[in-house]
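Letter 103 of the sequence shown, counting from 1, is numbered 102 in numbering that gives the first Met the number 0, and no numbers are missing.
Where a beta carbon is used, it is the ideal one built from N, C-alpha and C, also for glycine.
Report on the following structure.
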Amino acid sequence: MDDLLHDIHNRGAITPHLTAVRLGDTALTYGELADRIEDYDIVLAEQGLSHTAAFYAALMHCMPSLAEIRPVEARMQVIGEIQAWLGRERGEVAEVAPMRPRLRAVS
C-alpha cells in the first residue's frame, strides 16, 4: 500500500489534473486524491491509524457514491477494484468475485 500511496502522491504533484479514477459520473483526479489522502493521513496518524485508513477515508470523501453501494461486501469489492486500478502498473490485484470480470477501467 505504501508504494501505491507514494505513486498517487507523485502523480498528484506531477499531473494533478489527470483523472485517477471515474466512478459513475464522478471523476477523481490524482491531485484531489493526493490532497485528501494527505489531509486524512495527518488526522488519522494522530489517532494511531494507518496510511491505508487514510486512503479509504479519502476515497469515501471524494466519491461519496461509494457509500451507496450495498451490501458492504460489494462496496469493499469496488474499493478493491479501484485500488487495483490505481496500482495496475505495479501489478497490484484486487480480490474479484468469480462472476465479475476484472475491470479495465472503473467507470
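The ligand MG heavy atoms versus the CB of residue i: any closer than 6 Å?
i	result
aspartate 24	Ligands in the displayed structure: none, and consequently the ligand MG is not present.
Let me check understanding here. Comparing Cα to Cα, which of the options lies closest to residue i?
i	options	result
threonine 25	Tyr55, His60, Ala12	His60
leucine 85	Asn9, Gly11, Ala19, Pro70	Ala19
threonine 28	Asp40, Ile13, Val71, Asp2	Ile13
leucine 65	Thr51, His16, Asp40, Arg21	Arg21
proline 63	His8, Gly23, His16	Gly23
aspartate 1	Val42, Val71, Thr51, Glu88	Thr51
What residue range is occupied by the uninterrupted beta strand (DSSP E) comprising residue i?
i	result
arginine 21	18-22
leucine 27	25-28
Which same chain residues, not among the five before or five after residue i, have their C-beta less than 8 Å away from its C-beta?
i	result
tyrosine 55	Ile78
leucine 48	none
Enumerate in chain order the residues of its own chain whose CB-to-CB distance from residue i is below 6 Å, with the five nearest sequence positions on each side excluded.
i	result
glycine 11	Tyr29, Gly30, Ala33
Tell me which residue opens and which closes the alpha helix (DSSP H) that residue i is part of.
i	result
arginine 10	1-13
glycine 79	71-85
methionine 59	50-61
Between residue i and the rest of its own chain, which residues show a CB-CB distance below 7 Å, the 5 nearest in sequence each way excluded?
i	result
arginine 74	Leu65, Ile68
glutamine 46	none
alanine 57	Leu32, Arg35, Ile36, Tyr39
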